[in-house]
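Structure first, then comments.
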Amino acid sequence: MSTTTFDDLIAIGEAADVTGWDFSWLDGRATEERPPWGYAKMLGERLGRLAGVPGTASLDVQTGGGEVLAEAPAFPATAVATESWAPNVATATRLLHPRGVVVVADPDEPPLPFADGAFDLVTSRHPAAIHWDELARVLAPGGTYFAQHVGPASVFELIEFFLGPKPVERRGRHHDDEADAARAAGLEIVELRTARTRIEIHDVAAVVYLLRKVIWWVPDFTVERYRDRLRDLHELIQRDGPFVAHSTRHLIEARRPA
(Lines of atoms letter the chains of each structure in order from A; the text may use other names.)
(Lines give C-alpha, C1' and ligand atoms only; values in the text may rest on other atoms or scores of the structure.)
Protein backbone atom coordinates (compact mmCIF):
# COMPACT_ATOMS: atom_id res chain seq x y z
CA MET A 1 0.00 0.00 0.00
CA SER A 2 1.36 3.40 -0.97
CA THR A 3 1.86 5.97 1.80
CA THR A 4 1.69 8.88 -0.67
CA THR A 5 -1.42 10.94 0.01
CA PHE A 6 -4.34 11.29 -2.35
CA ASP A 7 -3.64 14.99 -2.88
CA ASP A 8 0.02 14.29 -3.62
CA LEU A 9 -0.89 11.66 -6.21
CA ILE A 10 -3.39 13.99 -7.85
CA ALA A 11 -0.72 16.70 -8.10
CA ILE A 12 1.75 14.23 -9.62
CA GLY A 13 -0.75 13.16 -12.26
CA GLU A 14 -1.69 16.74 -13.10
CA ALA A 15 1.94 17.83 -13.47
CA ALA A 16 2.92 15.01 -15.86
CA ASP A 17 3.66 15.86 -19.49
CA VAL A 18 1.03 14.19 -21.69
CA THR A 19 2.34 15.22 -25.12
CA GLY A 20 3.40 12.53 -27.55
CA TRP A 21 2.29 8.93 -27.50
CA ASP A 22 4.97 7.50 -25.23
CA PHE A 23 3.55 5.95 -22.05
CA SER A 24 6.87 5.30 -20.29
CA TRP A 25 5.85 7.80 -17.57
CA LEU A 26 3.59 5.03 -16.27
CA ASP A 27 6.51 2.73 -15.45
CA GLY A 28 5.98 1.58 -11.87
CA ARG A 29 2.45 3.01 -11.79
CA ALA A 30 0.60 0.89 -14.34
CA THR A 31 1.21 -2.13 -16.55
CA GLU A 32 -0.42 -3.29 -19.76
CA GLU A 33 -0.04 -6.70 -21.32
CA ARG A 34 0.81 -6.46 -25.01
CA PRO A 35 -0.96 -8.27 -27.86
CA PRO A 36 0.90 -11.40 -28.95
CA TRP A 37 1.67 -10.37 -32.54
CA GLY A 38 4.17 -7.50 -32.01
CA TYR A 39 2.77 -4.72 -34.20
CA ALA A 40 5.86 -2.48 -34.19
CA LYS A 41 8.11 -5.31 -35.42
CA MET A 42 5.62 -6.32 -38.12
CA LEU A 43 5.29 -2.69 -39.22
CA GLY A 44 9.07 -2.37 -39.46
CA GLU A 45 9.28 -5.51 -41.58
CA ARG A 46 6.69 -4.22 -44.05
CA LEU A 47 8.34 -0.81 -44.33
CA GLY A 48 11.72 -2.48 -44.74
CA ARG A 49 10.48 -4.54 -47.68
CA LEU A 50 9.46 -1.33 -49.45
CA ALA A 51 12.69 0.48 -48.62
CA GLY A 52 14.64 -1.20 -51.39
CA VAL A 53 11.97 -0.84 -54.07
CA PRO A 54 12.28 2.33 -56.19
CA GLY A 55 9.20 4.51 -56.45
CA THR A 56 7.32 3.10 -53.47
CA ALA A 57 5.60 5.21 -50.82
CA SER A 58 4.13 4.73 -47.34
CA LEU A 59 1.68 6.67 -45.19
CA ASP A 60 1.19 6.39 -41.41
CA VAL A 61 -2.19 7.85 -40.45
CA GLN A 62 -2.72 9.50 -37.04
CA THR A 63 0.87 8.80 -36.06
CA GLY A 64 0.62 10.42 -32.60
CA GLY A 65 4.08 11.50 -31.57
CA GLY A 66 5.62 9.18 -34.15
CA GLU A 67 7.15 6.94 -31.51
CA VAL A 68 5.98 3.62 -32.96
CA LEU A 69 6.71 4.56 -36.57
CA ALA A 70 10.22 5.69 -35.59
CA GLU A 71 11.05 2.15 -34.44
CA ALA A 72 11.13 1.01 -38.08
CA PRO A 73 14.70 0.32 -39.23
CA ALA A 74 14.12 1.64 -42.76
CA PHE A 75 11.57 3.53 -44.85
CA PRO A 76 10.69 3.72 -48.54
CA ALA A 77 11.96 6.69 -50.53
CA THR A 78 8.67 8.51 -49.91
CA ALA A 79 7.40 8.19 -46.35
CA VAL A 80 4.66 10.38 -44.89
CA ALA A 81 2.82 10.56 -41.55
CA THR A 82 -0.27 12.54 -40.57
CA GLU A 83 -1.31 13.86 -37.15
CA SER A 84 -4.01 16.26 -35.96
CA TRP A 85 -2.97 17.37 -32.46
CA ALA A 86 -0.45 20.22 -32.64
CA PRO A 87 1.80 19.10 -29.72
CA ASN A 88 2.01 15.64 -31.30
CA VAL A 89 2.78 17.16 -34.71
CA ALA A 90 5.75 18.93 -33.16
CA THR A 91 6.93 15.79 -31.36
CA ALA A 92 6.55 13.63 -34.47
CA THR A 93 8.38 16.20 -36.59
CA ARG A 94 11.38 16.19 -34.24
CA LEU A 95 11.43 12.41 -34.18
CA LEU A 96 10.66 11.55 -37.80
CA HIS A 97 12.12 14.32 -39.96
CA PRO A 98 15.70 13.17 -39.27
CA ARG A 99 14.60 9.75 -40.57
CA GLY A 100 13.31 11.26 -43.81
CA VAL A 101 9.61 10.96 -42.92
CA VAL A 102 7.47 14.02 -43.76
CA VAL A 103 4.91 14.88 -41.07
CA VAL A 104 1.70 16.51 -42.31
CA ALA A 105 -0.74 18.29 -39.98
CA ASP A 106 -4.16 16.88 -40.86
CA PRO A 107 -7.50 17.16 -38.98
CA ASP A 108 -8.29 13.42 -39.21
CA GLU A 109 -11.38 14.21 -41.24
CA PRO A 110 -11.91 13.35 -44.92
CA PRO A 111 -10.41 13.93 -47.36
CA LEU A 112 -6.82 12.92 -46.76
CA PRO A 113 -4.60 15.53 -48.48
CA PHE A 114 -3.14 13.07 -50.97
CA ALA A 115 -3.81 11.93 -54.52
CA ASP A 116 -5.69 8.76 -55.42
CA GLY A 117 -3.50 5.67 -55.37
CA ALA A 118 -0.53 7.50 -53.87
CA PHE A 119 0.68 4.87 -51.38
CA ASP A 120 1.73 1.24 -51.53
CA LEU A 121 1.35 0.85 -47.77
CA VAL A 122 -0.93 2.73 -45.38
CA THR A 123 -0.55 2.04 -41.67
CA SER A 124 -1.93 3.19 -38.35
CA ARG A 125 -1.68 2.26 -34.69
CA HIS A 126 -4.77 2.99 -32.62
CA PRO A 127 -6.44 5.53 -34.94
CA ALA A 128 -9.17 7.54 -33.24
CA ALA A 129 -11.18 7.85 -36.46
CA ILE A 130 -11.22 5.35 -39.32
CA HIS A 131 -12.42 6.54 -42.74
CA TRP A 132 -12.33 3.43 -44.89
CA ASP A 133 -13.27 5.11 -48.16
CA GLU A 134 -10.32 7.49 -47.81
CA LEU A 135 -7.92 4.72 -46.85
CA ALA A 136 -8.99 2.76 -49.91
CA ARG A 137 -8.75 5.83 -52.15
CA VAL A 138 -5.12 6.66 -51.33
CA LEU A 139 -3.96 3.06 -51.64
CA ALA A 140 -2.39 2.08 -54.94
CA PRO A 141 -3.93 -0.96 -56.67
CA GLY A 142 -2.50 -3.96 -54.88
CA GLY A 143 -1.55 -1.77 -51.91
CA THR A 144 -2.08 -2.76 -48.28
CA TYR A 145 -3.60 -1.19 -45.19
CA PHE A 146 -1.90 -2.63 -42.10
CA ALA A 147 -2.91 -1.48 -38.63
CA GLN A 148 -3.53 -2.23 -35.00
CA HIS A 149 -6.90 -0.89 -33.87
CA VAL A 150 -8.46 -0.47 -30.46
CA GLY A 151 -11.32 -2.93 -30.14
CA PRO A 152 -14.74 -2.91 -28.48
CA ALA A 153 -15.21 -1.97 -24.80
CA SER A 154 -11.49 -1.36 -24.33
CA VAL A 155 -10.65 -0.20 -20.78
CA PHE A 156 -14.38 0.08 -20.10
CA GLU A 157 -13.85 -0.99 -16.49
CA LEU A 158 -12.13 2.37 -15.95
CA ILE A 159 -14.37 4.39 -18.27
CA GLU A 160 -17.56 3.09 -16.65
CA PHE A 161 -16.14 3.69 -13.18
CA PHE A 162 -16.36 7.40 -14.02
CA LEU A 163 -19.25 7.55 -16.49
CA GLY A 164 -21.51 4.68 -15.43
CA PRO A 165 -22.73 1.84 -17.67
CA LYS A 166 -22.35 2.39 -21.42
CA PRO A 167 -24.07 -0.65 -22.96
CA VAL A 168 -24.53 0.84 -26.44
CA GLU A 169 -20.95 2.11 -26.69
CA ARG A 170 -19.61 -1.33 -25.78
CA ARG A 171 -20.29 -2.49 -29.35
CA GLY A 172 -18.33 0.35 -30.94
CA ARG A 173 -15.15 -0.47 -32.88
CA HIS A 174 -16.02 -4.15 -33.12
CA HIS A 175 -13.59 -5.98 -35.40
CA ASP A 176 -16.37 -7.63 -37.40
CA ASP A 177 -18.04 -4.27 -38.04
CA GLU A 178 -14.74 -2.75 -39.14
CA ALA A 179 -14.01 -5.66 -41.47
CA ASP A 180 -17.45 -5.19 -43.04
CA ALA A 181 -16.78 -1.46 -43.46
CA ALA A 182 -13.42 -2.17 -45.10
CA ARG A 183 -15.06 -4.56 -47.55
CA ALA A 184 -17.76 -2.01 -48.30
CA ALA A 185 -14.98 0.44 -49.26
CA GLY A 186 -13.64 -2.09 -51.76
CA LEU A 187 -10.85 -3.66 -49.72
CA GLU A 188 -10.16 -7.36 -49.24
CA ILE A 189 -9.45 -8.61 -45.71
CA VAL A 190 -6.16 -10.50 -45.68
CA GLU A 191 -5.80 -11.01 -41.92
CA LEU A 192 -7.83 -10.19 -38.81
CA ARG A 193 -6.59 -11.15 -35.33
CA THR A 194 -7.96 -10.14 -31.93
CA ALA A 195 -6.60 -9.96 -28.38
CA ARG A 196 -7.86 -9.04 -24.91
CA THR A 197 -5.07 -7.99 -22.57
CA ARG A 198 -4.80 -7.13 -18.87
CA ILE A 199 -4.11 -3.66 -17.45
CA GLU A 200 -3.18 -3.03 -13.81
CA ILE A 201 -3.29 0.52 -12.42
CA HIS A 202 -1.39 0.95 -9.16
CA ASP A 203 -2.24 4.50 -8.14
CA VAL A 204 -4.56 7.38 -8.89
CA ALA A 205 -1.74 9.50 -10.36
CA ALA A 206 -1.70 7.03 -13.26
CA VAL A 207 -5.45 7.46 -13.68
CA VAL A 208 -5.17 11.26 -13.85
CA TYR A 209 -2.34 10.95 -16.38
CA LEU A 210 -4.28 8.52 -18.56
CA LEU A 211 -7.50 10.52 -18.55
CA ARG A 212 -5.59 13.71 -19.43
CA LYS A 213 -3.76 11.93 -22.25
CA VAL A 214 -6.42 9.64 -23.73
CA ILE A 215 -9.06 12.34 -23.76
CA TRP A 216 -11.80 10.35 -25.49
CA TRP A 217 -12.10 7.88 -22.60
CA VAL A 218 -13.81 10.42 -20.32
CA PRO A 219 -14.31 13.42 -22.63
CA ASP A 220 -15.28 15.92 -19.94
CA PHE A 221 -12.55 14.87 -17.52
CA THR A 222 -11.01 17.38 -15.17
CA VAL A 223 -9.63 16.64 -11.74
CA GLU A 224 -12.06 19.04 -10.07
CA ARG A 225 -15.11 17.62 -11.86
CA TYR A 226 -14.21 14.04 -10.88
CA ARG A 227 -12.36 14.57 -7.61
CA ASP A 228 -14.87 12.58 -5.55
CA ARG A 229 -14.74 9.65 -7.94
CA LEU A 230 -10.95 9.82 -8.03
CA ARG A 231 -10.93 9.65 -4.24
CA ASP A 232 -13.21 6.59 -4.38
CA LEU A 233 -10.79 4.93 -6.80
CA HIS A 234 -7.79 5.86 -4.62
CA GLU A 235 -9.43 4.26 -1.60
CA LEU A 236 -10.34 1.17 -3.63
CA ILE A 237 -6.72 0.72 -4.75
CA GLN A 238 -5.45 1.30 -1.20
CA ARG A 239 -7.81 -1.37 0.11
CA ASP A 240 -7.84 -4.01 -2.64
CA GLY A 241 -4.67 -3.48 -4.66
CA PRO A 242 -4.32 -2.58 -8.36
CA PHE A 243 -7.37 -1.57 -10.34
CA VAL A 244 -7.74 -4.13 -13.15
CA ALA A 245 -9.08 -3.31 -16.61
CA HIS A 246 -8.74 -4.95 -20.00
CA SER A 247 -7.77 -3.55 -23.37
CA THR A 248 -9.01 -5.04 -26.62
CA ARG A 249 -7.00 -4.87 -29.82
CA HIS A 250 -7.24 -6.20 -33.34
CA LEU A 251 -4.65 -6.52 -36.03
CA ILE A 252 -6.11 -5.90 -39.46
CA GLU A 253 -4.55 -6.23 -42.88
CA ALA A 254 -6.64 -5.24 -45.90
CA ARG A 255 -5.65 -5.03 -49.56
CA ARG A 256 -6.90 -2.93 -52.44
CA PRO A 257 -7.46 -5.33 -55.33
CA ALA A 258 -4.95 -5.02 -58.14
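Position 2, counted from 1, in the sequence shown is what UniProt numbering calls 2; the numbers after and before it change by one each time, with no gaps.
Here a beta-carbon is modelled for each residue, glycine too, at the ideal position from N, C-alpha and C.
All values reported here derive from a predicted model rather than from experimental measurement.
Practice item. Scan the segment 146 to 216 and note each continuous alpha helix (DSSP H) run of 4 residues or more that stays entirely inside, going in chain order. Key: With a minimum length of 4 residues, the continuous alpha helix (DSSP H) runs that stay inside the segment 146 to 216 are 156 to 163, 175 to 184 and 204 to 213.
**Study point:** residue 115 versus residue 160: straight-line alpha-carbon distance, rounded
**Key:** Approximately 41 Å between the Cα atoms of the pair.
Review point. Residue 81 to residue 144, Cα distance in whole Å?
Key: Pairing residue 81 with residue 144, the inter-Cα distance amounts to about 16 Å.
Exercise for review: Pick helix, strand or coil for residue 24, following the three-state DSSP scheme.
Suggested key: Residue 24: helix per DSSP, three-state reduction.
Practice item. Since I believe residue 39 is in contact with residue 125 (beta carbons under 8 Å), could you give me their beta-carbon distance rounded to a whole number of angstroms? Key: Sure, about 6 Å apart at Cβ, within 8 Å.
Exercise for review: Kindly indicate which three-state DSSP category residue 15 falls into: helix, strand or coil?
Suggested key: Here residue 15 sits in helix by DSSP.
Check your understanding: Taking the DSSP output, what are the residues bridged to residue 60?
Key -> According to DSSP, residue 60 bridges with 81 and 123.
Check your understanding: Does the count of Cβ pairs from the segment 41 to 49 and the segment 235 to 246 closer than 8 Å reach three?
Key -> No, because fewer than three Cβ pairs between the segment 41 to 49 and the segment 235 to 246 fall closer than 8 Å, the two stretches do not touch.
Exercise for review: Alpha carbon to alpha carbon, how far is residue 21 from residue 95? Give it in angstroms, no decimals.
Suggested key: Going by the C-alpha atoms only, they are around 12 Å apart.
Check your understanding: Per DSSP, residue 245 is paired with what?
Key -> According to DSSP, residue 245 bridges with 199.
Check your understanding: Secondary structure at residue 253, three-state DSSP: helix, strand or coil?
Key -> Note: residue 253 maps to strand in three-state DSSP.
Check your understanding: If you draw a straight line from the C-alpha of residue 56 to the C-alpha of residue 75, how long is it?
Key -> Cα atoms of residue 56 and residue 75: separation of roughly 10 Å, rounded to the nearest angstrom.
**Study point:** Coarse secondary structure for residue 139, derived from DSSP in three states
**Key:** It is a strand residue.
Review point. What do you reckon, are the CB atoms on residue 245 and residue 215 nearer than 8 Å?
Key: No, Cβ-Cβ distance for residue 245 and residue 215 is not below 8 Å.
Exercise for review: Between the Cα of residue 186 and those of 131, 5, 165 and 67, spot the shortest distance and give me the residue it belongs to.
Suggested key: Among 131, 5, 165 and 67, the Cα nearest to that of residue 186 belongs to 131.
Review point. Closest to residue 93 by CA distance: which of 66, 109, 196 and 78 is it?
Key: That would be 66, whose Cα lies nearest to the Cα of residue 93.
Practice item. Kindly identify the DSSP beta-bridge partner or partners of residue 101. Key: Beta-bridge analysis with DSSP links residue 101 to 79.
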